[in-house]
Amino acid sequence: MTATAASGSVQATATKQTPLPKWQLLTVFLVQLAEPITVTVIFPFAPEFIRRTGITGGDETKTGYYAGFIESAFYIAETLSVFYWGRLSDRFGRKPILLLGPLGLTFAMLGFGLSSNFWSLVLFRFAQGVFNGNIGVSKTVMAELTDSTNIGDAFALIPLMWGSGVTLGPVIGGLLVHPADTWPNTFGRIALFRDYPYFLPCAVAGLFSFAIFLLTLVVLQETHPATIARKKTKCSPPTQETCLTANSTGADYGSTDTTTVASDDAMSDSVHSQPPSMREVLGTQFLRVLMNYTFIMFIGTAYDALTPLMYSTSIPVGGLGFSPFQIGQILSAWGLINAIVQCVFTGRLLRMFGARRMFIISVGFMFVAILAFSFESYFARLAGRVDKRVITLLLIQLTCNLMRFVAFAAIFVLVVQSTTSRAALGSTNGITQMAGSGIRSFAPYFASSMFSISLETQLAGGFLVYIIILVLTLILLWLGFKIPKRFKSADT
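All letters in the sequence shown, in the order written, are residues 1 to 492 by our numbering.
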């Protein structure tokens, strides 16, 4: 690596780019896909589900408080567990820990769908967060599967997984809710679906997680250097080469040259090299990127919490009065378009304009998307319905929100580029994951509670929550300009 790395673009280096280990990365991406699906599958029906438990006492304006409590439970659990999942993966290897995630999610989703009171919803949502806490381990695996020539390309695909998940989640949640009413001749004859109208979408999401568990069990190879080294020592000298080949413990994974990646010297360096000090990890350039990362995570999570609340709240109160099915249609259609946009355009935009510049531009679009909430509410109440003006604003909002995921891709690349040494990637990844999870544990409750307070008190015309998020977005825009145009690197 050169002494400096341009933060503005994902550039090709003089070294030939190593091909990505596609099948191994695909498996890891599918593990990551479980998080957005389990996060968003409840979005279309969560407000209705909460009201059905009776916790609000029939007061629609209080829904936001309890919706935020459920969402925060997820991210609090993720924050508390992410560090320990990482420590366990250091001791027992990456693969066993990754397997526990989708397996646990399967049972947590089933329990959520079978809940009949508010506190059981909170309990199983908390469990979902615990088993999603190993998402940081998946990023560590990605770092171990790649090298300095292709790690940026691999990490730039992470938002695509989120985009795909937020497409599938609302589709599952919106289309499969109330199956006994939608398909009375089939599901309507089964008491389970009549008594638990939210079970089917949760069960489908759970079965999807179980399928990912099975695929990971069969396909994924261990990547932890110390675990691989322990396996090597168990092979007797006469059959060491055969044992290594049979167990595929090198970093070949179907596409990478084992002679350059899995040599004994490289393995020894990976196992015995000293980890970087916290002073080396927490440099000024990384801290600036980390600040931007936490702000965009807060704003993005707040936006996701506000969307189903605002869309489902009745028009006279300040929302758009959409049904769970309509919300599912809107979010799934947007998610599909978003997945295509991220797949086709994000990498090109990053290469053309650079990660720093695209991050700043994308934050500007986020400001417009958040601003649209207020105008949608105003014109819907003025007309007493969702008219052409509101539909136009929705289209503008959803289009601008596409750029939020370009910003996510850019900030992931900037995190990698701001790391002073490849040896520190695990540390910086763990810090950013904990910071992101911590922020996301607070953001949903804050946004949902402020939504309810705004409607109850009619502060700033009921738009106080949007004003607060807009101010935070302006601060993020300012912070974006503080990101260095070029990063210093300790690697030579």
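Using N, Cα and C, we set each Cβ at its ideal position, and we do this for glycine too.
Predicted, not measured: the structure shown is a model, and the values here were computed from it.
* **Cβ separation of Ala369 and Cys400, assumed to be a contact under 8 Å, to the nearest whole Å** => Translated into positions along the sequence shown, residue 369 becomes position 369. Translated into positions along the sequence shown, residue 400 becomes position 400. Taking a contact as a CB-CB distance under 8 Å, the pair Ala369 and Cys400 counts as one, their CB atoms being some 4 Å apart.
* Where Val471 falls, given that 16 or more other Cβ within 10 Å makes a residue buried -> Here residue 471 refers to the residue found at position 471 of the sequence shown. Exposed, because fewer than 16 other Cβ atoms sit within 10 Å of the Cβ of Val471.
* **Residue nearest to Phe49 in terms of C-alpha spacing, selected from Ser120, Arg385, Leu26 and Gln17** => The residue you call residue 49 lines up with position 49 of the sequence shown. Per the Cα distances, Ser120.
* Segments of 4+ residues assigned as alpha helix (DSSP H) that fall wholly inside the stretch 37-104 -> 46-53 and 63-92, all fully within the stretch 37-104.
* First and last residue of the uninterrupted alpha helix (DSSP H) at Trp334 -> For the purposes of this step, residue 334 is taken as the residue at position 334 of the sequence shown. Start and end: Pro324 to Val341.
* To do: Report the option in Phe375, Ile431 and Val341 whose CA atom is closest to the CA atom of Leu287.
  => To locate residue 287, count along the sequence shown from 1; it is residue 287. Comparing Cα-Cα distances from Leu287 to each of Phe375, Ile431 and Val341, the minimum goes to Ile431.
* Which one of Val141, Val171, Ile296 and Phe353 has the shortest CA to CA distance from Trp85? -> Position 85 of the sequence shown, counted from the start, is the residue given in the question as residue 85. It is Val141.
* To do: Look at Gln128 and Ala108 and say whether their C-beta atoms are less than 8 Å apart.
  => In the sequence shown, counting from the first residue as 1, residue 128 sits at position 128. In the sequence shown, counting from the first residue as 1, residue 108 sits at position 108. Yes.
* Whole-angstrom distance between Val415 and Thr362, CA atom to CA atom -> Here residue 362 corresponds to residue number 362 of the sequence shown, with the count starting at 1. Here residue 415 corresponds to residue number 415 of the sequence shown, with the count starting at 1. In the sequence on display, residue 362 carries Ser and not Thr. Computed Cα separation, rounded: 17 Å.
* Measuring CB to CB, does Gly328 end up less than 8 Å from Gly173? -> For the purposes of this step, residue 328 is identified with residue 328 of the sequence shown, where counting begins at 1. For the purposes of this step, residue 173 is identified with residue 173 of the sequence shown, where counting begins at 1. The Cβ atoms of Gly328 and Gly173 sit closer than 8 Å to each other.
* Local Cβ density within 10 Å of Asp304, reported as buried at 16 or more and exposed below that -> Here the question's residue 304 lines up with position 304 in the sequence shown. Counting C-beta atoms within 10 angstroms of its own C-beta, Asp304 has 16 or more neighbours from the protein chains shown and is therefore classed as buried.
* To do: Indicate whether Gly335 and Thr167 have their beta-carbon atoms separated by less than 8 Å.
  => To locate residue 335, count along the sequence shown from 1; it is residue 335. To locate residue 167, count along the sequence shown from 1; it is residue 167. Between Gly335 and Thr167, the gap from beta carbon to beta carbon is short of 8 Å.
* Could you pull the start and end residues of the alpha helix (DSSP H) that Arg189 belongs to? => The residue labelled residue 189 in the question sits at position 189 within the sequence shown. If you look at Arg189, you'll find it isn't in any alpha helix (DSSP H); DSSP assigns it neither H nor E.
* Proximity below 8 Å, CB of Leu331 to CB of Pro44 -> For this step, residue 331 is matched to residue 331 along the sequence shown. For this step, residue 44 is matched to residue 44 along the sequence shown. For Leu331 and Pro44, yes; Cβs fall inside 8 Å.
* How many angstroms separate the CA atom of Leu123 from the CA atom of Leu214? -> Translated into positions along the sequence shown, residue 123 becomes position 123. Translated into positions along the sequence shown, residue 214 becomes position 214. So the two alpha carbons sit approximately 26 Å from each other.
* Asked: From what residue to what residue does the alpha helix (DSSP H) around Thr223 run?
  -> Translated into the one-based positions of the sequence shown, residue 223 becomes position 223. Looking at the DSSP string, Thr223 is not in any alpha helix (DSSP H), and its letter there is neither H nor E.
* Can you tell me the Cα-Cα spacing of Leu175 and Gly206, whole angstroms? -> For this step, residue 175 is matched to residue 175 along the sequence shown. For this step, residue 206 is matched to residue 206 along the sequence shown. Annotation: Leu175 to Gly206 spans about 16 Å, alpha carbon to alpha carbon.
* To do: Tell me whether the beta-carbon of Phe365 lies closer than 8 Å to the beta-carbon of Leu476.
  => Taking the first residue of the sequence shown as 1, we reach residue 365 at position 365. Taking the first residue of the sequence shown as 1, we reach residue 476 at position 476. A distance of 8 Å or more separates the beta carbons of Phe365 and Leu476.
* **Selection from Val341, Leu393, Ser377 and Ser452 that minimises the alpha carbon distance to Val406** => In the sequence shown, counting from the first residue as 1, residue 406 sits at position 406. Of the candidates Val341, Leu393, Ser377 and Ser452, the one whose C-alpha sits nearest the C-alpha of Val406 is Val341.
* Asked: Which residues in the same chain have their Cβ closer than 6 Å to the Cβ of Gly101, if we skip the five residues on either side of it in sequence?
  -> Numbered from its first residue, the sequence shown carries residue 101 at position 101. These residues qualify, in order along the chain: Phe131 and Asn134.
* Nearest to Leu479 by CA position, among Leu290, Pro170 and Ala383, is which residue? -> The residue labelled residue 479 in the question sits at position 479 within the sequence shown. That would be Leu290, whose Cα lies nearest to the Cα of Leu479.
* To do: Return the CA-CA distance between Leu474 and Arg404, expressed in angstroms with no decimal places.
  => Start at 1 with the first residue of the sequence shown, and residue 474 comes out as number 474. Start at 1 with the first residue of the sequence shown, and residue 404 comes out as number 404. Between the C-alpha atoms of Leu474 and Arg404 there is a straight-line separation of about 14 Å.
* Rounded straight-line distance, which links the Cα of Phe451 to that of Pro444 -> Your numbering for residue 444 matches position 444 in the sequence shown. Your numbering for residue 451 matches position 451 in the sequence shown. Rounded to the nearest angstrom, the two C-alpha atoms are 10 Å apart.
* Asked: Met352: buried (16+ other C-beta within 10 angstroms of its C-beta) or exposed?
  -> Looking up residue 352 in the sequence shown gives position 352. So Met352 counts as exposed.
* Residue closest to Trp23, alpha-carbon to alpha-carbon, out of Gly169, Pro484, Leu220 and Gln433 -> Within the sequence shown, residue 23 is the residue found at index 23, counting from 1. Of all alpha-carbon atoms in Gly169, Pro484, Leu220 and Gln433, the one lying nearest the alpha-carbon of Trp23 is that of Leu220.
* For Phe487, does the three-state DSSP call read helix, strand or coil? -> In the sequence shown, counting from the first residue as 1, residue 487 sits at position 487. Looking at Phe487 - three-state DSSP - the assignment turns out to be strand.
* With a 10 Å radius around its C-beta and 16 neighbouring C-beta atoms as the bar for buried, classify Asn117 as buried or exposed. => Here residue 117 refers to the residue found at position 117 of the sequence shown. It counts as exposed.
* Collapsed DSSP secondary structure at Asn401 in the structure displayed -> Taking the first residue of the sequence shown as position 1, residue 401 is located at position 401. In the three-state reduction of the DSSP assignment, Asn401 falls in the helix class.
* Asked: Just the Cα atoms here: how many angstroms apart are Val171 and Val41?
  -> Mapped onto the sequence shown, residue 171 falls at position 171. Mapped onto the sequence shown, residue 41 falls at position 41. Each residue's alpha carbon lies about 8 Å from the other.
* Enclosing alpha helix (DSSP H) for Lys139 [first to last residue] -> Here residue 139 refers to the residue found at position 139 when the sequence shown is read from its first residue. Annotation: the continuous alpha helix (DSSP H) that includes Lys139 extends over Ile135 to Leu145.
* On the three-state DSSP scale, how would you describe His385? -> Position 385 of the sequence shown holds residue 385. The identity of residue 385 in the sequence shown is Arg, whereas the question assumes His. Three-state DSSP puts Arg385 in coil, outside helix and strand.
* To do: Less than 8 Å between the CB atoms is what I'm expecting for Leu98 and Val137, so what's the real figure, rounded?
  => On the sequence shown, residue 98 is found 98 positions in, with the first residue counted as 1. On the sequence shown, residue 137 is found 137 positions in, with the first residue counted as 1. With a Cβ gap of about 6 Å, Leu98 and Val137 count as contacting.
* Given Cys343, which residues of its chain have a CB within under 6 Å of its CB, disregarding the five upstream and five downstream residues? -> On the sequence shown, position 343 is the one that residue 343 refers to. These residues qualify, in order along the chain: Leu160.
* Cα-Cα separation between Arg486 and Arg356, rounded to whole angstroms -> Here the question's residue 486 lines up with position 486 in the sequence shown. Here the question's residue 356 lines up with position 356 in the sequence shown. Near 10 Å, if we compare the C-alpha coordinates of Arg356 and Arg486.
* Have a look at Ser448, Gln433 and Phe442 and flag the residue whose alpha-carbon is nearest the alpha-carbon of Phe83. => Against the sequence shown, residue 83 aligns to sequence position 83. Closest by alpha carbon: Gln433.
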